[in-house]
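Contents: one structure, followed by commentary.
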Amino acid sequence: MMVSGKARIAGVMGWPVKHSRSPRLHGWWLEEHGIDGAYIPLPVRPEDFEAAVRALPKLGFAGANVTVPHKEAALRACDEVSDLAGRIGAVNTLVCRDDGTLYGDNTDGFGFLENLRAGCRGWQADAGPAVVLGAGGAARAVVAALHDAGCPEVRLSNRTRARAEDLANGLGGAVTVVDWDSRAEALDGAGLLVNTTTLGMEGAPPLDMPLDPLPRGALVTDIVYAPLVTDLLARAEARGNPVVDGLGMLLHQGRPGFEAWFGVFPEVTDDLRQFVLGEPAA
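Going by this note's numbering, the first residue of the sequence shown is number 1257, and it counts up by one from there.
Right under this line is the structure:
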């Protein structure tokens, strides 16, 4: 599509950012809805991030997504943030207001829940305890989302226990910290298993996670989407558990930002999934 002088502009800020699939995602939606706009990659070094963020309203941007390693810095750079972003301690979505101020939100939890609901029809967060592996920024968003959705208990396990305890203390709610060596035991009676670590990602060490204690009806998801089907998902599916891959979390988390910048709340479709993965639609 061609853009005019009236085009609304947004982008994604990260370092590096060339690997991001967000321009492909938002470009699809802009084309689909015939919107006069553009969404561009914005590679920003950490030492330049605050100045770059403050320049967005001055440059006429509608807003931007924020990815690693800038999400915590984005929280500090905003004039106002949502209660959820404040709880999580990170911002992934910036909105430039008409008065030149910056509003920050975190839509990772929304994307996580919508992905599970779309990928496993009938899934409910209150179906049973959830086991969450990892204690980084993604884990904070996932635990907050599960708590707000009515999950009765989150069993949190991280290789460094202190980080898991910090997360549990910071978010509150029914979060039980489990030693990494006891992570398999935490699966007993669980309704959901979530891997938020990089273990199992392409180029990273494998995730050693025995599944024997996990009920067959428990949902298993991995926020990693490279590879799309991780070893964890393959093993879970082979034993009969429902599984949901991590790509949908990326797709769904982009929807609120797109609405704020371009005025349309877009849908996630199979054709979109294939396009974002770089594969032709069937």
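Heads up, the beta-carbon is just placed ideally off N, CA and C, and yes, glycines get one too.
Are residue i and residue j close, meaning C-beta to C-beta below 8 Å?
i	j	result
GLY1429	VAL1398	no
ASN1348	ASN1371	no
LEU1423	LEU1449	no
ARG1419	VAL1387	no
GLY1504	GLY1375	yes
ALA1341	LEU1369	no
ALA1247	VAL1476	Outside the modelled stretch of the chain, which goes from 1257 to 1538, sits residue 1247, for which no answer is possible.
PRO1302	TRP1271	yes
ASP1382	GLY1367	no
LEU1331	ALA1346	yes
LEU1358	ASP1335	yes
LEU1427	ARG1396	yes
PHE1531	TRP1285	no
According to the neighbour-count rule (16 or more other Cβ atoms, all chains shown, within 10 Å of its Cβ), is residue i buried or exposed?
i	result
GLN1509	buried
PHE1521	exposed
HIS1275	exposed
PRO1461	exposed
HIS1403	buried
TRP1436	exposed
ALA1538	Residue confidence for ALA1538 is low, a pLDDT of 38 falling below 50, so the modelled location carries little weight; the figure read from the coordinates is stated next. Looking at its Cβ environment, which holds fewer than 16 other Cβ atoms inside 10 Å, ALA1538 is exposed.
LEU1484	exposed
PRO1466	exposed
LEU1443	buried
GLY1290	exposed
ALA1490	exposed
ALA1353	Per the sequence shown, the amino acid found at residue 1353 is Arg instead of Ala. Its Cβ having fewer than 16 others within 10 Å, ARG1353 is exposed.
THR1486	buried
What are the residues that DSSP puts in a beta bridge with residue i?
i	result
LEU1499	For clarity, residue 1499 is Val in the given sequence; the question names Leu instead. Partner(s): VAL1476.
VAL1268	PRO1297 and ASN1321
ALA1448	Per the sequence shown, residue 1448 should be read as Leu rather than Ala. DSSP, once it has assigned bridges, lists ALA1386 and LEU1475 as partnering LEU1448.
THR1349	ASN1321 and ASP1361
ARG1411	VAL1387 and THR1432
GLU1336	TYR1359
Thinking just about the alpha-carbon of each residue, which of the options is nearest to the one in residue i?
i	options	result
ALA1318	VAL1324, ARG1310 and PRO1325	ARG1310
TYR1295	ASP1527, THR1525 and PHE1514	PHE1514
LEU1298	LEU1286, TRP1285, HIS1326 and ARG1419	HIS1326
ARG1439	THR1416, PRO1461 and TRP1379	THR1416
GLY1496	ARG1511, PRO1512, ALA1474 and ALA1516	ALA1474
Measure the beta-carbon distance from residue i to residue j and round it to whole angstroms, keeping in mind my assumption that it falls under 8 Å.
i	j	result
ALA1394	ILE1265	About 27 Å separates the two Cβ atoms, so there is no contact after all.
ALA1320	MET1269	5 Å
GLU1409	THR1432	6 Å
ALA1446	ASN1414	So it is not a contact: roughly 17 Å between Cβ atoms.
LEU1463	LEU1281	Incorrect: roughly 26 Å between the Cβ atoms, too far for contact.
GLY1360	VAL1337	4 Å
Comparing the C-beta of residue i with each C-beta of chain B, is any distance below 8 Å?
i	result
LEU1484	Among the chains in the structure shown there is no chain B, since it carries only a single protein chain.
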